[in-house]
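Residue numbers (the numbering used here): 3 to 143.
The C-beta atom is built at its ideal place from N, Cα and C for all residues, glycine as well.
For reference, the structure is listed below as structure tokens.
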């Protein structure tokens, strides 16, 4: 083996060893759970407030692009939440009108009641998101 190849291989081995050492545990135990503990962002009734119930129109809905969720109110006092990511091409849905949740990319439309596909090209419904409604607040989670 030539000298240049030996140098490259030796440097690579040393780098791999340093990387493996850097990824080790600093507490010495190695048997604890390394996953971070989630920090609560809201009260005990759910996550951070997403909207007020008065902000969601009856027979319509609101898209929260930054949270990638759409909240609908098919009937007065009945709130539903779904992923705002279209199941066809992963675009974000943009509007809720005429009884459907609408994707601007290819024209898919979903029912505001259960997110079933009303018009393709999407073939799968939007996944449901969990919300809690309490005291006029809608909370994600």
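Best match in the options for proximity to residue i [C-alpha to C-alpha]
i, options, result
"residue 93", "82, 50, 141, 105", "105"
"residue 127", "139, 84, 71", "84"
"residue 99", "74, 87, 108, 125", "74"
"residue 82", "56, 114, 118, 125", "114"
"residue 65", "78, 118, 97, 138", "97"
"residue 89", "134, 136, 108", "108"
"residue 62", "79, 130, 136", "79"
Reduced DSSP category for residue i - H, G, I as helix; E, B as strand; rest coil
i, result
"residue 82", "strand"
First and last residue of the uninterrupted beta strand (DSSP E) at residue i
i, result
"residue 77", "71-77"
"residue 135", "133-136"
"residue 51", "51-54"
"residue 97", "97-99"
"residue 118", "Note, residue 118: premise wrong, no beta strand (DSSP E); not H, not E."
Local Cβ density within 10 Å of residue i, reported as buried at 16 or more and exposed below that
i, result
"residue 70", "exposed"
"residue 53", "buried"
"residue 67", "exposed"
"residue 125", "exposed"
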